[in-house]
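Asker: Before we start, here is the structure in question, set down as structure tokens.
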Amino acid sequence: MGVENTGRPDQIHYQKLFMGTILASFTHELRNRLAVVQEVSGLQQDIIAVDRTVRDLSGLVRTLRSVDEHVGNALRLISVLSRFAHRLDTEMSFFRVQEVLEELIELVKRSADEKRVGLETDFDPALPPVSGDPARLQMLVFFLLDESLCSLEQGGSVLVRITEHAPGIMIRIIPRGPRHTGGGSGGRCPRDILLSVAGDIGAEVSTGGVEQETGVLLRRREHIP
Amino acid sequence: MNRAKVLLVDDEAELAQTLVRRLNIRHYRAKSVYSAPEALEAVSREAQEVMVIDLHLPGMPGNDLARAVRQVDSTVAIIMLSGQGSMQTENWIHDGLIVDFVMKPVEIQELTKKIDRAKNEHDARCVRRDGGRGKHGQA
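The listed protein sequences correspond, in order, to chains A and B.
All residue numbers for the first sequence refer to this note's numbering, where the first residue is 1 and numbers rise by one.
All residue numbers for the second sequence refer to this note's numbering, where the first residue is 226 and numbers rise by one.
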């Protein structure tokens, strides 16, 4: 990803899909927040226009609190997107996996909600930084999450767990709950593309176990390659 | 003027409730529900004239809900609430699934104009359904 697009041609379509989905989800959420602000302030104008005075002061205070809360949420979301965008500034850097994945999960929450599938995290907060390409790691985890989200029926959940695991850091994506019948990963990005992305960032992907969890082992490097 | 009976379907509860209050101040008979199953239950329980349905409902997209609603009551006039206009929404209007769409954030004057037009369409559908015998089947 990075400043110069060094992605292989077969990855570029999926890079666009990844960025497009994140941006669509972000703008959707931001628009909803601003739409509520517009409506609650419009309602207050309606009430004042009918009453010709502010009779319901507590109602006005509730409106202002609601505006404050929605603007706060919108600003927080903008900060997340801003950090996400700046991950593209440099192709290789030191970063904390838990921060990089917190950003990603904040930005994909909406599509999980739409599928009525929960997203849970269990991140070890004390993990040391690693070196590599955080944007490419986000893309890899995004599509692995997509596979899990698509495999589950409504009411299921996906747990993302990050732990130290010699010789690096292990990211586990664990789908829980009833699966769609018919098999197949159902994800939007083929596994061979994901494996090539993983190879580019020195990660190993494996799937198995009782819960068909997917593990991403990110090998720790002592310096930026 | 007999303002439309409106059911608003949006999982953003605060947005839906606020829009309902704004419509009711303007003498519409508006209510809100927050999911597709609740909307289908409301339509089965009580005849609706106009429905405003958010396209991005959790669990069931607004267009699928619109199809399910039309199977229960083909006279309901549906307006789709969407973040962006699309070829799809134009196709749904062309196919008669919905009568109109409105973009978020909603301009209340635009919404009320569209609801009034949708109510006219609903009334015309009732007349057609009843073979010109009068409103809602009354001779």
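Don't be surprised by glycine CBs; every beta carbon is placed ideally from N, CA and C.
1. Using a Cβ cut-off of 7 Å, pull out every chain B residue sitting near A:L43, in sequence order please.
2. Can you give me the Cβ contacts of A:T21 inside the same chain, cut-off strictly under 6 Å, excluding the 5 residues immediately before and after it?
3. Is the CB-CB distance between B:L240 and B:K256 below 7 Å?
4. Is it right to say B:Q296 is buried, meaning 16 or more other beta carbons lie within 10 angstroms of its own, or is it exposed?
5. Kindly give me the distance between the Cβ atoms of A:L30 and A:A74, rounded to whole angstroms, as I take these residues to be in contact under 8 Å.
6. Is there a C-beta anywhere in chain B that falls below 7 Å from the one on A:R31?
7. Closer than 9 Å, Cβ to Cβ, to anything on chain E: give me those residues from the stretch 115-132 of chain A, in chain order.
8. Is it right to say A:D192 is buried, meaning 16 or more other beta carbons lie within 10 angstroms of its own, or is it exposed?
9. Are the CB atoms of A:V197 and A:V205 nearer to each other than 7 Å?
10. What do you reckon, are the CB atoms on A:R172 and A:E147 nearer than 7 Å?
11. State buried or exposed for A:A203, treating a residue as buried only when at least 16 other CB atoms are found within 10 Å of its CB.
12. Three or more beta-carbon pairs under 8 Å between the stretch 270-283 of chain B and the stretch 296-315 of chain B, yes or no?
13. Pair every Cβ in the stretch 115-124 of chain A with every Cβ in the stretch 153-172 of chain A, then say whether three or more of these pairs are closer than 8 Å.
14. Can you list the beta strand (DSSP E) stretches of 3 or more residues lying completely in the stretch 318-342 of chain B, in chain order?
15. Counting along the chain, where does the beta strand (DSSP E) carrying A:P134 start and finish?
16. My output table needs one value for A:P175: the three-state DSSP class, helix, strand or coil.
17. From the DSSP output, in three-state form, read off B:M276 for me.
18. Compare the C-alpha of B:Y259 against each of B:R247, B:L280, B:G321 and name the closest.
19. Could you work out which residues of chain A lie near B:G284, taking near to mean beta carbons separated by less than 7 Å?
20. When you compare each of A:C150, A:D124, A:E120 to A:L159 by their alpha carbons, which one comes out closest?
21. Assuming the contact rule is C-beta atoms closer than 8 Å, B:R292 and B:L322 should be a hit. Round their C-beta distance to whole Å, please.
22. In terms of residue numbering, what span does the beta strand (DSSP E) encompassing B:S307 cover?
23. Write down the C-beta distance between A:E99 and B:R247 rounded to the nearest angstrom, noting that I regard them as a contact closer than 8 Å.
24. I need the boundaries of the alpha helix (DSSP H) containing A:L127, first residue and last residue.
25. Name the DSSP bridge partner or partners of A:E213?
26. Closer than 7 Å, CB to CB, is B:L322 near chain A or not?
27. In the DSSP assignment, find the beta strand (DSSP E) that holds A:I78 and state where it starts and stops.
28. Just the Cα atoms here: how many angstroms apart are A:V3 and A:D133?
Answerer: Well, looking at it:
1. What you label residue 43 of chain A is simply residue 43 of the first sequence in a count that begins at 1. T243, R246, R247, listed in chain order.
2. What you label residue 21 of chain A is simply residue 21 of the first sequence in a count that begins at 1. Cβ neighbours of A:T21 within its own chain (closer than 6 Å, five residues either side excluded): none.
3. Along the second sequence, one-based indexing puts residue 240 of chain B at 15. Along the second sequence, one-based indexing puts residue 256 of chain B at 31. Taking 7 Å as the Cβ cut-off, B:L240 and B:K256 do not qualify as a contacting pair.
4. By 1-based counting over the second sequence, the position of residue 296 of chain B is 71. Counting the other Cβ atoms within 10 Å of the Cβ of B:Q296 gives fewer than 16, which makes it exposed.
5. Here residue 30 of chain A corresponds to residue number 30 of the first sequence, with the count starting at 1. Here residue 74 of chain A corresponds to residue number 74 of the first sequence, with the count starting at 1. Going by Cβ atoms, the distance from A:L30 to A:A74 rounds to 6 Å, so yes, they are a contact pair.
6. Within the first sequence, residue 31 of chain A is the residue found at index 31, counting from 1. Yes, A:R31 counts as interfacial toward chain B.
7. Although the question refers to chain E, the structure presented lacks it and instead comprises the protein chains A and B.
8. Your numbering for residue 192 of chain A matches position 192 in the first sequence. Under this definition A:D192 is an exposed residue.
9. Mapped onto the first sequence, residue 197 of chain A falls at position 197. Mapped onto the first sequence, residue 205 of chain A falls at position 205. Cβ atoms of A:V197 and A:V205: not closer than 7 Å.
10. Taking the first residue of the first sequence as position 1, residue 172 of chain A is located at position 172. Taking the first residue of the first sequence as position 1, residue 147 of chain A is located at position 147. Taking 7 Å as the Cβ cut-off, A:R172 and A:E147 do not qualify as a contacting pair.
11. Numbered from its first residue, the first sequence carries residue 203 of chain A at position 203. Burial call: buried.
12. The answer is yes - the stretch 296-315 of chain B touches the stretch 270-283 of chain B, with three or more Cβ pairs under 8 Å.
13. Verdict: yes, contact present.
14. As far as the stretch 318-342 of chain B is concerned, its whole beta strand (DSSP E) runs of at least 3 residues are 325-328.
15. Within the first sequence, residue 134 of chain A is the residue found at index 134, counting from 1. Premise fails: A:P134 lies in the alpha helix (DSSP H), 134-151, not in any beta strand (DSSP E).
16. To locate residue 175 of chain A, count along the first sequence from 1; it is residue 175. Look at A:P175 here: in three-state DSSP terms it is strand.
17. The residue given as residue 276 of chain B occupies position 51 in the second sequence. If DSSP states are grouped into helix, strand and coil, B:M276 belongs with the strands.
18. Indexing the second sequence from 1 puts residue 259 of chain B at position 34. Closest in alpha carbon position to B:Y259, among B:R247, B:L280, B:G321, is B:L280.
19. Here residue 284 of chain B refers to the residue found at position 59 when the second sequence is read from its first residue. Contact of B:G284 with chain A by beta-carbon distance below 7 Å involves R116, Q154.
20. As a first step, residue 159 of chain A is located in the first sequence; it is residue number 159 there, counting from the start. Nearest option by C-alpha distance: A:E120.
21. Working through the second sequence from its first residue, we reach residue 292 of chain B at position 67. Working through the second sequence from its first residue, we reach residue 322 of chain B at position 97. With 8 Å as the limit, B:R292 and B:L322 qualify as a contact, their Cβ atoms being about 7 Å apart.
22. Here residue 307 of chain B refers to the residue found at position 82 when the second sequence is read from its first residue. Here the beta strand (DSSP E) through B:S307 covers 302-307.
23. Stepping through the first sequence from its first residue, residue 99 of chain A is reached at position 99. Stepping through the second sequence from its first residue, residue 247 of chain B is reached at position 22. Incorrect: roughly 41 Å between the Cβ atoms, too far for contact.
24. As a first step, residue 127 of chain A is located in the first sequence; it is residue number 127 there, counting from the start. According to the DSSP assignment, A:L127 belongs to no alpha helix (DSSP H), since it is labelled neither H nor E.
25. Here the question's residue 213 of chain A lines up with position 213 in the first sequence. Under DSSP, A:E213 takes part in a beta bridge, and its partners are A:G208.
26. The count along the second sequence starts at 1 and reaches residue 322 of chain B at position 97. Not one chain A Cβ lies under 7 Å of B:L322.
27. By 1-based counting over the first sequence, the position of residue 78 of chain A is 78. Residue range 57-86 is occupied by the alpha helix (DSSP H) that includes A:I78, with no beta strand (DSSP E) assigned at that position.
28. Residue mapping note: residue 3 of chain A aligns to position 3 of the first sequence, counting from 1. Residue mapping note: residue 133 of chain A aligns to position 133 of the first sequence, counting from 1. With a pLDDT of 41 at A:V3, under the threshold of 50, the modelled position of this residue cannot be trusted; read the value that follows with caution. Annotation: A:V3 to A:D133 spans about 11 Å, alpha carbon to alpha carbon.
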